[in-house]
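Here full-length UniProt numbering is used: position 228 in the sequence shown is 228, and no number is missing along the way.
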Amino acid sequence: MADGPAPGRILDNPYDKRCPDYTTDGYQAVRDIILAALPDVDPVTHLQDIWTAENTREKAAWDAQEEADRILRQQQQQQQQQPQGEPQPGPQPQPQLAQADQLHAAVAQQLPATSGLDIKIAKGKAIDSVTSTACPYARERLKNYKYIDIWYFSEEGIRLTTTTRGTAGCEGLGIVPSADGIQLRPTHDLKPSKFAIADEYLDWPTISQARHLFLQLIAELGWRPDIIQMFHEFFYKLDGHELGQTGSSGRATLAQYEATVRRKWHDLVERRQETFDLAEISATVMYQCERIVTKRIELARDQKEVERDTQVCFT
């Protein structure tokens, strides 16, 4: 009997796949669901972006698998071409075979578990701890290198996005595409939280606390190591910036700067344009952010004076 395909092996070439035409009548129901959940998003573009991201991941795994197969074939051919002679004592090193094994392992790590054969259990080892994590909406945004308010990674953000998700029995379902077709996802996973607070209106201690989970997640989601390091340096330099020692207005300026430049960085990435090094703090932009905060404080003070004068007039 012939052996079947190895567990987790990619059988269909992702380069042969074509993105479905999401403008046709057959996808009208899908577009309606996405438009209801994300009114500010073009449903067709949203579906195409999701399909493209998944197809890109499959292509990377396919390329790694092809390279591993090539190395194995080359190693086998070399073995067949070697003259038959006296066997060499001891095991012979097979660097190419080891490299192929590593590539096959890398392919397997990029694929979801497809059967019980793919599940590995550390017998006798209990779980160490259960750490909090961000909601699916925030994780999906990070997975695609899209901007997401850091509030989602704060203690309040995790608590509110967890307790307001509802139960599986009463939660609505939405349709989203995958590389293999269409799948149902809870509608809550597709839209932002109504409780979310923009970064520029957070206090700096909240941002400083939330960035730990943010940095942990981008590493888990497979961001490039140099980008992860850049974000580490970005937050580290802002934490130690001299404005943080000048009172609430200085810390508000840091929050404004963090929101402004991080939002711009993600915007350039999403538009596939060359972006800048976040770890390099711009004195010019910091000054602009300081002016924005000053005007905000002055506006709030003027508003309070108007409210006080109004109360006096009616007393």
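Quick reminder that beta carbons are idealized off the backbone N, C-alpha and C, glycines included.
- Contact annotation: L221 and I158 have beta-carbon atoms that are not nearer than 9 Å.
- Contact between the stretch 292 to 303 and the stretch 264 to 275 is absent: fewer than 3 CB-CB pairs across the two stretches fall below 8 Å.
- Runs of alpha helix (DSSP H) with 4 or more residues, each lying fully within the stretch 190 to 237, are found at 204 to 220, listed in chain order.
- Nearest C-alpha to E156 among A134, R141 and T23: A134.
- Contact annotation: K143 and A60 have beta-carbon atoms that are not nearer than 9 Å.
- Within the same chain, and ignoring the five residues on either side of V44 in sequence, the residues whose Cβ sits closer than 6 Å to its Cβ are Y22 and T23.
- Per DSSP, A60 is one residue of the alpha helix (DSSP H) stretching across P43 to Q81.
- Counting along the chain, E280 sits inside no alpha helix (DSSP H), nor does DSSP assign it H or E at all.
- Under the three-state reduction of DSSP, K17 is assigned to coil, being neither helix nor strand.
- Excluding its 5 nearest sequence neighbours in each direction, R263 has C-beta neighbours in its own chain below 6 Å: Y147, listed in chain order.
- Ranked by how close their Cα comes to the Cα of D16, the residues Y201, W62 and I150 have W62 in first place.
- Collapsing the DSSP output to three states places G250 in a helix.
- Contact annotation: I150 and R224 have beta-carbon atoms that are not nearer than 9 Å.
- Of the other Cβ atoms in all chains shown, 16 or more fall within 10 Å of the Cβ of E58; this residue is therefore buried.
- If you ignore the 5 residues before and after E258, its C-beta comes within less than 7 Å of the C-beta of D199, I207 and L238, all in its own chain and listed in chain order.
- Taking 9 Å as the cut-off, the beta carbon of K191 is found closer than this to the beta carbon of A37.
- In the structure shown, the three-state DSSP call for I148 is coil.
- The alpha carbon of R141 has as its nearest neighbour, out of H266, F235 and L278, the alpha carbon of H266.
- Around the beta carbon of L243, a 10 Å sphere encloses 16 or more other beta carbons of the protein chains shown; the residue is thus reported as buried.
- Excluding sequence positions up to five before and after T253, its CB lies within less than 6 Å of the CB of L243, C289, E290 and V293, all in the same chain and listed in chain order.
- Collapsing the DSSP output to three states places A122 in coil.
- Burial state of A138 is buried, judged by a 10 Å Cβ sphere holding 16 or more other Cβ atoms.
- Here Y27 is buried, its C-beta having at least 16 other C-beta atoms within 10 Å.
- When the beta-carbon positions are compared, Q209 and S154 come within less than 9 Å of each other.
- Assignment of Y287 by DSSP, reduced to helix, strand and coil, places it in the helix class.
- Q256 sits in a helix when the DSSP states are folded into three classes.
- The beta-carbon separation of Y145 and V269, rounded to 5 Å, stays under the 8 Å limit for a contact.
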